[in-house]
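J.: Residue numbers (my numbering), protein chains in the order written: chain A, 152 to 408; chain B, 201 to 514.
All C-beta atoms in this analysis are idealised placements derived from N, C-alpha and C, irrespective of residue type, glycine included.
Treat the numbers as computed from the prediction; the structure is a model and nothing was measured.
1) Round the Cβ separation of residue 411 (chain B) and residue 418 (chain B) to the nearest angstrom and send it over; I've been treating them as touching at under 8 Å.
2) Under 8 Å, with one C-beta from each stretch per pair, do the segment 268 to 281 of chain B and the segment 325 to 340 of chain B reach the 3-pair mark?
3) So, are the CB atoms of residue 381 (chain A) and residue 297 (chain A) less than 9 Å apart?
4) Does the segment 328 to 343 of chain A come within contact of the segment 354 to 361 of chain A, defined as at least 3 CB pairs closer than 8 Å?
5) Let's test the definition: count the other Cβ atoms within 10 Å of the Cβ of residue 483 (chain B) and tell me whether it reaches 16, buried, or not, exposed.
6) When you compare only the Cα positions, how much space is there between residue 420 (chain B) and residue 313 (chain A)?
7) Residue 422 (chain B) by DSSP, collapsed to three states: which one?
8) Check whether the Cβ of residue 348 (chain A) lies closer than 9 Å to any Cβ atom in chain B.
9) State the Cα-Cα distance for the pair residue 293 (chain B) and residue 366 (chain B), rounded to the nearest angstrom.
10) Does DSSP put residue 209 (chain A) in a helix, in a strand, or in coil?
11) Could you tell me which residues DSSP puts in a beta bridge with residue 162 (chain B)?
12) On the DSSP bridge list, what partners appear for residue 301 (chain B)?
13) By DSSP's criteria, residue 490 (chain B) is part of a beta bridge. Which residues make up the other side?
14) Under a three-way DSSP split, which group does residue 246 (chain B) fall into?
15) Please name the residue in A:327, A:231 and A:248 whose C-alpha comes closest to that of residue 165 (chain A).
16) Got a sec: is the Cβ-Cβ distance from residue 258 (chain B) to anything in chain A below 9 Å?
17) Could one say the Cβ of residue 261 (chain A) lies closer than 9 Å to chain B's Cβ atoms, at least one of them?
18) Compute the distance between the beta-carbons of residue 330 (chain B) and residue 352 (chain B), then report whether it is under 9 Å.
19) Using 9 Å as the limit for Cβ to Cβ distance, is residue 208 (chain B) near chain A?
20) If we ignore side chains and look at the alpha-carbon of each, how far apart do residue 460 (chain B) and residue 442 (chain B) end up?
21) Using a cut-off of 8 Å between C-beta atoms, extract the partners of residue 278 (chain B) located in chain A.
22) Tell whether a beta-carbon distance below 9 Å holds between residue 358 (chain B) and residue 320 (chain B).
23) Taking only heavy atoms of the ligand ADP into account, decide whether any of them is closer than 8 Å to the Cβ of residue 283 (chain B).
24) Please confirm if the segment 201 to 218 of chain A is in contact with the segment 362 to 376 of chain A, defined as three or more CB-CB distances below 8 Å between the two stretches.
25) List the whole-angstrom C-beta distance separating residue 439 (chain B) from residue 488 (chain B), where the pair is believed to meet the contact cut-off of C-beta under 8 Å.
26) By a C-beta neighbour count over all protein chains shown, 10 Å radius and 16 as the cutoff for buried, is residue 154 (chain A) buried or exposed?
27) 9 Å is my cut-off, CB to CB: does residue 286 (chain B) come that close to chain A?
28) Determine the burial state of residue 271 (chain A): buried for a count of at least 16 other Cβ atoms within 10 Å of its Cβ, exposed for fewer.
29) Is residue 408 (chain A) buried or exposed, if buried means 16 or more other CB atoms sit within 10 Å of its CB?
30) So residue 243 (chain B) and residue 372 (chain B) are supposed to be a Cβ contact under 8 Å. How far apart are they, rounded?
31) May I ask you to list, following chain order, the residues of the segment 187 to 198 of chain A that have a beta carbon less than 9 Å from some beta carbon of chain B?
32) I'd like the span of the beta strand (DSSP E) that includes residue 227 (chain B), first residue to last.
33) For a test of the three-state rule: what should DSSP assign to residue 361 (chain B), helix, strand or coil?
34) So the alpha helix (DSSP H) residue 483 (chain B) belongs to, where does it begin and stop?
35) Helix, strand or coil for residue 450 (chain B) per DSSP?
36) Based on DSSP bridge pairs, tell me the residues matched to residue 409 (chain B).
And the structure:
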């Protein structure tokens with residue numbers, strides 16, 4: 152395939168993915184908005200006003216970056232895992248597998264599709280958060296870089312989950328039993344400075360902690376961890392997932408018997 | 201002799217052993233010439249779908265090589281795939297999408313721009329009688345329409361080799377015949393076609409060459425005509441006017457009474473039926489009509505698969 156043909160194949164996958172989540176907007180766009188409004192109302196306004204400051208910030212300001220990041224993570228992941236597994240289930244993934252589209256383009260197409268939804272929801276949630284709080288961005292490059300990397304990483308993770316999944320149960324196990332706990336324990340609602348030394352060290356094993364803290368740093372210049380180290384860790388996780396998923400697309404018996 | 205170019209399909213020593221140890225293909229060799237209309241026949245589980253799966257990269261081979269119009273499916277991955285269009289046995293498109301979108305999206309995977317794809321989609325959807333339903337959700341199409349949609353999808357990138365895995369399964373006779381006409385037309389236009397089917401009259405009517413695969417091995421690979429010539433005996437059904445009170449006897453023609461108004465007669469290959477009719481006439485049996493008891497290729501297929509004929513002739 153020429154570069155132009157590869158570009159068409161890539162954009163075809165991306166456009167199809169975007170059309171898919173826009174077509175089912177009551178399932179994909181509305182729920183995260185409602186969820187995040189409830190978080191702001193309950194944790195931000197009602198409970199947050201009684202908590203006071205966290206890491207030097209009003210509680211509602213402290214949780215805002217984490218809530219935006221949580222939306223991006225959840226939506227990037229769920230878009231790819233449900234779309235790719237749906238294609239496996241209906242067997243229309245074979246349309247792609249019999250085509251000359253290179254595996255890396257299939258991977259990138261799904262990932263960019265997932266990022267489109269994740270970042271789109273992130274943008275909507277950010278706009279909503281402006282209704283509850285005022286904030287300025289401390290570092291635009293850090294904010295954009297970490298949100299893009301996070302969205303990419305969880306889109307790839309969603310694809311990895313979908314490749315392994317044999318049933319619809321399998322695509323809900325990871326979000327329920329892995330993603331949600333990691334997100335809630337990833338410093339969205341509290342500073343790791345509140346934890347004992349042991350649990351603080353354990354928390355450092357959670358990749359979401361790095362993302363949330365770096366994102367918060369991008370907004371407010373406040374963080375529990377070293378930003379350079381955070382970028383290194385997120386980059387490393389993303390690279391590992393990318394290589395693993397690409398390998399599986401090429402060789403997995405779950406796609407080609 | 202003119203240079204015909206590389207064959208549409210060249211399979212050499214192809215083998216497949218699944219993870220559970222089942223040997224689906226046993227070092228098969230197969231050549232399909234460019235422009236051919238080729239039937240790949242075999243009972244369920246014989247290895248037809250595995251062979252097609254390997255050609256289309258949906259199944260990983262254990263050994264051997266496959267090339268399509270000279271392009272090796274491993275070394276010239278993209279070029280080989282560009283040559284192939286496949287219509288699978290089961291519906292495998294997104295049932296929530298519209299036919300027009302399914303075609304345009306599929307074209308995109310082959311690097312075909314949307315504007316070109318839309319023009320081609322219109323041509324194929326019109327030819328296959330789906331144009332009026334182009335904007336309906338695919339799940340609302342009838343079974344026959346869904347099969348035609350898969351044919352249109354397989355053709356959208358204008359492949360040189362079209363592989364159809366039981367394309368007329370569950371399709372009514374009228375529609376089946378119109379699909380036959382369509383396939384003949386695209387074959388005449390230059391597209392090589394490989395067909396698997398359980399309707400052996402379909403293979404006899406459409407195909408020039410045939411391979412029969414059984415238990416992962418090719419047991420016949422020849423022209424349809426040459427294959428049918430191997431049929432030693434054909435059984436004909438004779439419908440008679442009056443109720444048969446006794447079984448007529450004609451030397452050289454084994455006769456069995458099927459019911460009160462019909463006889464079944466075995467006629468050897470090359471044997472004339474004139475003496476049979478003359479003898480029946482003499483015995484006061486008036487024959488109203490005569491037909492094959494079953495499709496000729498079907499009889500041969502059954503005998504081959506049951507190992508009644510020599511196992512391998514090639």
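T.: Walking through what the data contain:
1) 5 Å
2) no
3) yes
4) yes
5) exposed
6) 42 Å
7) Here residue 422 (chain B) carries a strand assignment [DSSP, helix/strand/coil].
8) no
9) The alpha-carbon atoms of residue 293 (chain B) and residue 366 (chain B) are separated by roughly 16 Å.
10) The answer is strand: DSSP assigns residue 209 (chain A) an E or B state.
11) One cannot answer for residue 162 (chain B) here, as it falls past the ends of chain B, which runs 201 to 514.
12) DSSP output for residue 301 (chain B) lists no bridge partner at all.
13) B:438
14) coil
15) A:231
16) yes
17) Not closer than 9 Å to any Cβ of chain B, the Cβ of residue 261 (chain A) fails to qualify, so no.
18) yes
19) No, residue 208 (chain B) does not count as interfacial toward chain A.
20) 8 Å
21) 152, 251 and 253
22) Taking 9 Å as the cut-off, the Cβ atoms of residue 358 (chain B) and residue 320 (chain B) count as close.
23) Of ligands this structure carries none, so the ligand ADP is not represented either.
24) yes
25) 5 Å
26) exposed
27) True, the Cβ-Cβ gap to chain A drops below 9 Å.
28) buried
29) exposed
30) Actually they are not in contact, since the Cβ atoms of residue 243 (chain B) and residue 372 (chain B) sit about 24 Å apart, beyond 8 Å.
31) none
32) 223 to 232
33) strand
34) Careful: residue 483 (chain B) lies outside any alpha helix (DSSP H) and carries neither H nor E.
35) strand
36) B:238 and B:423
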